[in-house]
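Remarks on the structure that follows.
Protein chains in written order, with the UniProt record's numbering: chain V, 1 to 284; chain B, 1 to 307.
As structure tokens, this is what we get:
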């Protein structure tokens with residue numbers, strides 16, 4: 001037990017180092033900046049539109065949904081890419097060669113990707129507060145809701161990214177296997193258009209995945225209570241938000257360790273060498 | 001006459017077989033590595049060197065055979081076993097944003113709970129950086145290191161936990177001559193001072209001759225030769241080559257009696273013999289002969305040669 005604890009402690013330090021490395025890297029700063037500017041531009045061009053049937057402005061309604069979706073997207077695609085890549089470049093193999101190394105590695109991934117949601121969140125939230133009126137949650141209760149929805153939302157979606165990264169055949173396939181389905185789910189989850197505007201069966205599908213519920217939870221925190229009338233069933237369904245996200249988190253907790261173990265078992269030096277050769281071919 | 005009771009070998013392989021589908025890579029490999037030995041596994045490409053090492057590292061399941069590493073089957077070994085084994089991996093772009101110092105500190109931490117008073121782990125990071133010659137690069141981003149420097153880091157990562165047994169798969173591929181020399185010194189130091197048992201593969205026969213206490217040649221899925229470089233050379237040797245110069249003309253003569261030939265040469269010409277050179281068959285000649293022998297379908301019986 002103390003051995004696992006040591007590995008987890010090292011994993012936390014690893015995640016923190018990875019996070020600092022990422023925040024200092026121009027490449028990652030560029031990515032944060034890009035999503036921030038794109039989101040703000042989108043909201044800015046729609047700043048005077050009101051949402052049908054209310055006096056609420058479009059940015060007010062869309063901002064919490066977009067924030068939720070971006071966080072969900074980030075913690076699915078982030079670990080999916082990272083795992084697929086680190087399987088190929090030998091990071092994972094290094095940890096396999098260490099006593100309790102995999103525990104440290106997985107902890108590091110969880111910490112790193114959870115922390116990475118933060119700059120993503122801030123780079124949109126802070127300028128929005130300055131640019132638009134009435135977009136921030138009201139009071140301590142609102143912010144508390146933001147906190148628990150985000151934490152539970154990440155617990156629900158992080159394992160999906162880990163599983164994706166473990167099962168894709170190589171890094172190049174993360175686009176087709178990971179990015180595409182996640183984008184489709186995001187598209188139908190009521191982020192940019194209300195879910196009611198879609199066909200009935202699409203609404204049902206959307207409500208299976210966590211993205212819709214993270215968006216709903218975020219809106220409940222940011223918007224006035226009256227805006228609940230815009231939602232399905234005219235309610236924030238707070239209990240259901242917690243329940244669905246918790247269910248995904250539990251399912252992830254049950255499935256992920258097995259999938260990770262299976263992936264780790266298959267790691268070997270010749271697999272890494274083969275991936276390197278394949279990558280060299282691909283670049284050429 | 002007293003017989004020495006043989007110590008339990010650190011690696012014991014019996015009847016190791018490995019096949020991928022219908023393709024048999026290893027058809028019955030037997031060998032031992034004893035405590036403190038440096039053993040070099042040679043063989044042509046595709047002979048199964050990497051496969052053998054990966055089975056011993058516990059990264060690959062064999063199709064059949066008995067394998068014991070430090071007294072345990074690597075396929076079933078736990079984390080305490082892992083702490084005693086070092087693996088030098090060939091990385092290419094991992095941890096690019098880390099620095100060597102940070103990475104070694106991080107990875108070394110995993111060995112700390114396995115430290116004992118007689119065998120403290122891990123190595124001190126500064127000492128290790130100095131030992132592999134990375135002190136000047138300790139705080140640079142790993143992505144900016146040259147290929148040779150990266151390989152030094154790979155070696156450092158492999159030994160950070162102060163292993164009792166170290167596996168190296170083609171450790172000096174891509175090294176320049178200086179880096180190769182430094183690496184050989186490091187292997188000697190690990191072996192002499194720390195008593196680390198080492199199993200490595202290489203294509204460089206000069207390297208094998210310099211480093212190995214014992215050489216194994218793997219060809220066609222089995223060990224076809226097992227002995228010290230000298231003993232192996234003697235087995236195939238037979239002929240030596242004598243070169244000399246007389247009145248500005250160069251001569252070459254092949255003989256299996258170099259001493260008497262040279263004596264005759266002097267009796268006949270005395271001091272007029274210039275640039276005299278006697279060259280015994282090298283390990284390379286032996287290696288080529290053995291692999292060729294095997295590929296011609298002759299399977300030499302494995303015989304234990306005296307060391």
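Where is the CB? At the ideal position from N, CA and C, for every residue including glycine.
Residue pairing for residue 251(B): DSSP places it in a beta bridge opposite 244(B).
Under the three-state reduction of DSSP, residue 132(B) is assigned to coil, being neither helix nor strand. Contact check for residue 175(B) and residue 268(V): beta-carbon distance about 23 Å, past the 8 Å limit, so the pair fails to qualify. Contact between residue 159(V) and residue 244(V) does not hold, since the beta-carbon distance rounds to 15 Å and is not under 8 Å. When the alpha-carbon of residue 203(V) is set against those of 221(V), 232(V), 178(V), 176(V), the nearest one is in 232(V).
The way I'd put it, the segment 213 to 225 of chain V does touch the segment 130 to 150 of chain V; three or more beta-carbon pairs between them come closer than 8 Å. With a threshold of 7 Å between beta carbons, residue 100(V) makes contact with chain B. DSSP places residue 164(B) outside both helix and strand once states are collapsed to three, so it counts as coil. Nearest Cα to residue 125(B) within the set 71(B), 114(B), 103(B), 276(B): 103(B).
DSSP, reduced to helix, strand and coil, places residue 98(V) outside both helices and strands of the structure shown, so it counts as coil. Contact check for residue 27(B) against residue 222(B) passes: the beta carbons are separated by less than 7 Å. The C-beta of residue 89(V) comes closer than 7 Å to at least one C-beta of chain B.
For the 7 Å CB-CB criterion, residue 10(B) and residue 56(B) do not form a contact.
Within the same chain, Cβ atoms closer than 7 Å to the Cβ of residue 90(V) are found at 272, the five residues on either side in sequence being excluded. Out of 281(B), 267(B), 270(B), 274(B), the CA that lies nearest to the CA of residue 256(B) is found in 281(B). Within the segment 78 to 146 of chain B, the complete beta strand (DSSP E) runs of at least 3 residues fall at 85 to 88. Taking C-alpha positions only, residue 80(B) is separated from residue 35(B) by approximately 19 Å. In this structure, residue 38(V) sits away from residue 75(V), with a CB-CB distance that is not shorter than 7 Å. Leaving aside the five residues that flank residue 11(V) on each side, the residues in its chain whose CB is nearer than 6 Å to its CB run, in chain order, 104, 107, 108. Only exposed fits residue 139(B), as fewer than 16 other CB atoms lie within 10 angstroms of its CB.
Per DSSP, reduced to three states, the secondary structure at residue 223(V) is coil, with no helix or strand assignment. Between residue 97(V) and chain B, the shortest Cβ-Cβ separation is below 7 Å.
Straight-line spacing of the CA atoms in residue 216(B) and residue 210(B) works out to 14 Å. Looking at the DSSP output, residue 200(B) bridges to 40(B), 168(B). Among the residues of the segment 268 to 283 of chain V, those with a Cβ less than 8 Å away from any Cβ of chain B are 268, 269, 270, 272, 273, 276, in the order of the chain. Of all alpha-carbon atoms in 163(B), 143(B), 243(B), the one lying nearest the alpha-carbon of residue 119(B) is that of 163(B). If only uninterrupted alpha helix (DSSP H) runs of at least 4 residues are considered, those enclosed by the segment 226 to 284 of chain V are 238 to 265, 269 to 283.
As DSSP reads the structure, residue 165(V) sits in no beta bridge.
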